[in-house]
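Under our numbering, residues 3 to 418 are what the sequence shown spells out, in order.
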Amino acid sequence: MKIDKKIFSWALYDWANSAFATTIMAGFFPIFFKDYWGAGTESTLTTARLGTIISISSIFMVVMSPLLGAMSDLKGTKKLFLSIFVLVGAFSCYSMSQIDKGDWFSAMFIYGAALLAFEFSLVFYDSMLPTLVQGKNTSTASSLGYSLGYLGGGILFLINVLMYLNPESFGFVDGVASIKASFITVAVWWVIFTIPLLYFVPESKNNYQKTSLFESVRLSVRSLIKTAKIIKHQKNIFLFLIAFWLYYDGVNTAITMAVDFGRSLNFKTDDLISALLLTQFIGFPFALLFGKIAGKFGLKIPILFCILIYIIMVIGAMFMSNSTHFFILASVIGMIQGGVQALSRSFYSQMIPKGQEGEYFGFYNVIGKFASVIGPLIVGFGAYISGNPRIGILGLLVLFVAGGIILLKVKEPQIV
């Protein structure tokens, strides 16, 4: 497939938003939340709080994203909504840099707003994919996006890690100041690299209705109810969404809670950050590789393979005792994480009706974010109630196994 300016500009948004996903969501926020904003608080309690805000944000995502997706299809304003949420997300990132030590509640609130902005923007981003490419090209374009995400997120994260490890060299007083500055760099990065998508990616050419906002909302809700009823009777899509909900819950939880898990085991912060950085750069080539593998073996087999590796890694996490083990686990997950994300998106895009991408991807993102409701609660409250963070991680095993079994029953979409 030839990568033209439109496809590359679309994929570059993964490069843009991955700065938030890597530097803040997976990297510095869990550490800062536990050691700075939650200073003096029991470790398992901060884990429970982190899991709670992720879950609450996900519930809001579940409620709102189908409506936003349907309105996007009706009004043809995917890029407008995406740009609004990018600005909200960037402002939230900046606001994190202004929160004082010990103010864990403000940190939770602003982080929740950033999570929502990040995830809402993906509703409109994902729904653009079927309007740009079709058939076998979707897996290639999807994998390109995730690959650029790993690379872009990794580059900024590398800079931020160097700022943290050598604050004086960058003009900062200490590591705390460098981390706060990192939050600001994410805001700037996110906005700047969204611009190519806004300029070069066209809106869908579907015939949108010109209606008032109230009428658009009414039509959107009616359309969503209709779509939900249709999906209920589309067995293949219905089964895939259930499977996706389960295994992706494990994937999302691993991304958002891994560093917190390592800190709960008293692993050094420097080692955890270095392992996460390694994951980013391993993920870049392997996300591309899985796109090639899908071209030869289809989409289902590689996804099942990734789920199997996650199962093995969860079992391995139960026996981790030092930072070397964390490095190994992070490296292996880095090899498969981008693959399972990109191929799942491509798998689903092959199953949905043309012209209804926003509504169907609204549901897809709802399931993906509802997948972030249960996993963090299992890990957070499992650790808090038992007093052992390993108990919480064990719950992810059920999600991966059940998701894999249901995915086996899903028929591979016919790729033209």
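Note that the Cβ used here is the ideal one computed from N, Cα and C, for glycine as well.
If you draw a 10 Å sphere on the C-beta of Tyr201, you find fewer than 16 other C-beta atoms in it, and that means exposed. If the five residues before and after Phe242 are omitted, its C-beta is found closer than 8 Å to the C-beta atoms of Phe349, Tyr350, Met353, Leu409, Val412, all from its own chain and listed in chain order. Per DSSP, Met320 lies in no alpha helix (DSSP H) and is assigned neither H nor E. Straight-line spacing of the CA atoms in Ile239 and Leu306 works out to 17 Å. In the three-state reduction of the DSSP assignment, Phe93 falls in the helix class. Positions of the alpha helix (DSSP H) runs, each at least 4 residues long and wholly inside the region 258–314, are given as 271–299 in order along the chain. The beta carbons of Leu14 and Ser59 sit about 25 Å from each other, so the pair does not count as a contact at 8 Å.
Here the region 227–235 makes no contact with the region 122–129; the two share fewer than three CB pairs at distances below 8 Å. The shortest CA-to-CA distance from Ala373 to any of Phe31, Thr49, Val64 is the one to Val64. A straight-line Cα-Cα distance of about 42 Å links Phe246 and Asp176. Non-local beta-carbon contacts of Asn19 in its own chain, meaning distances under 7 Å to residues more than five positions away in sequence, involve Phe120, Ser123, Trp192 in chain order. Unbroken beta strand (DSSP E) stretches of 3 residues or longer found wholly inside the region 95–127: none. A straight-line Cα-Cα distance of about 31 Å links Phe111 and Ile338. By the neighbour-count criterion, in which 16 or more other beta carbons inside 10 Å mark a residue as buried, Leu290 falls on the buried side.
The three-state secondary structure of Thr133, taken from DSSP, is helix. In the displayed model, Lys356 falls within coil according to three-state DSSP, outside both helix and strand. Taken in chain order, the complete alpha helix (DSSP H) segments of 4 residues or longer contained in the region 154–222 are 177–194, 197–202. Taking 9 Å as the cut-off, the beta carbon of Ile311 is found no closer than this to the beta carbon of Ile330. DSSP places Trp39 in no alpha helix (DSSP H); its state is neither H nor E. Taking the CA atoms as reference points, Val368 sits about 35 Å from Asp272. In the structure shown, the three-state DSSP call for Gly397 is coil.
A direct Cα-Cα distance of roughly 45 Å separates Leu399 from Glu217.
Inter-residue distance for Phe107 and Pro198 is about 36 Å (C-alpha atoms, whole angstroms). Between Ser57 and Ile257, the alpha-carbon positions lie close to 14 Å from each other. With a cutoff of 9 Å on beta-carbon distance, Ile275 and Phe30 are scored as near each other.
Taking 9 Å as the cut-off, the Cβ atoms of Ser184 and Ile55 do not count as close. Under the criterion of beta carbons closer than 8 Å, Met320 and Leu379 do not qualify as touching, at roughly 19 Å. The alpha carbon of Phe363 has as its nearest neighbour, out of Ser171, Ala28, Ile233, the alpha carbon of Ile233.
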